[in-house]
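Reading through the structure tokens given below for one structure.
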Amino acid sequence: MCVCTPGHFFSMETGECTACAPNTYMQAGQRKCTKCPEGSTSMPGANSCTCAPGGVWKGAACQTCADDEYVDTQEQCASCGDLPVMEDRTGCKCAAGTTWNAGTCTDCPANSFSEAGAKECTRCPKYTISAGAAAECSFCAVGQQWQEYKCIDCPSGTIGNRLECLPQGSTNAVKSSSSSTSWMWPAIIAVLLAILCVCLVFAVMHYRNLVKRNAITYGTDILEEAEFMEMSYEPRVTDLNTSDNVQLLPADD
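To convert, count from 1 in the sequence shown and add 15; that's our numbering.
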């Protein structure tokens, strides 16, 4: 009988070495493929099984690593020390500006950055730069322009707006004297406009209420005058000794 490589068995039907089926394995010295333990998997032709995250293959079973351990590239449990363990148990969480690489935290190269616990460094966006081991990227300084991840001083007669060099006096240029406060004016104007709008709303509401009250008062006066005009009057002498004391009094119904 022919001797096949681990992960393969000799098929009597074909007379050839055949790979074990997925989720089975066959180690050296075995004659048949064995099903992987529950919770583990394997590719065709495997001589071992792949354990769930945080587990390593030992002999013919999966061994779970300790809570502060990860599975290294040699499929062994390794300690993270004072660092937290990644959720997938493939390494340790490094500080911002560094990433896990070959069993240690490695600084991100220039013009890249990483957040805490990131698996890899991220390239800085266009128009930004960073030094090595950076947690974030930044724009060039005022008076400079960005060129292929380098900040270059602008020539005389121009002003750099952190992105490019512009002619002196350009409205798009950013001057050092105003760069720190230029954002304040739009905010101040927006606040003043909001206050003005609120005042206008209250003024309109007050005017409408005043008009409404005047209309009610005017209507009442008209009704009273109409009632007065509808009354009939007759002359009556209030003093019989003189004819001057004649008054108009409401007639009796």
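Virtual Cβ for every residue (Gly too), placed ideally from N, Cα, C. Quick caveat, the model's predicted, so the values are computed rather than measured.
- [ ] Kindly indicate the opening and closing residues of the beta strand (DSSP E) around Phe25.
- [x] 23-26
TODO: Inspect the CB distances between the segment 73-89 and the segment 119-127 and report whether three or more fall short of 8 Å.
DONE: no
Open item on the list: Less than 7 Å between C-beta atoms, sequence neighbours within five positions excluded: which residues of the same chain meet that for Ile167?
Closed with: Gln159, Gln160
TODO: Could you check which residue in Cys80, Pro59, Glu31 has the C-alpha nearest to that of Cys66?
DONE: The shortest Cα separation from Cys66 among Cys80, Pro59, Glu31 belongs to Cys80.
Open item on the list: Is it the case that the segment 135-152 contacts the segment 91-109, given that we only count it when at least three CB pairs across the two stretches are under 8 Å?
Closed with: no
Task: When Val71, Gln42, Ile144, Gln78 are compared against Leu178, the one with the closest alpha-carbon - done: Ile144
Task: Own chain, CB closer than 8 Å to Cys77, minus 5 neighbours either side, in chain order - done: Pro52, Gly54, Ser55, Cys64, Cys66, Ala67, Gly70, Val71
TODO: Measure the CB-CB distance between Cys287 and Asn176 and report whether it falls below 9 Å.
DONE: Look at the range of the chain in this structure, 16 to 268, and you will see that residue 287 is not part of it.
Task: Three-way DSSP call (helix, strand, coil) for Asn4 in this model - done: Because residue 4 is not part of the residues shown, which for the chain are 16 to 268, the question remains open.
Task: Residue nearest to Gly74 in terms of C-alpha spacing, selected from Thr105, Lys141, Asp82, Met41 - done: Met41
Task: Own chain, CB closer than 6 Å to Arg59, minus 5 neighbours either side, in chain order - done: The identity of residue 59 in the sequence shown is Pro, whereas the question assumes Arg. So the qualifying residues of the chain are Ala34, Pro37.
Task: Helix, strand or coil at Val18 according to DSSP, with G and I counted as helix - done: coil
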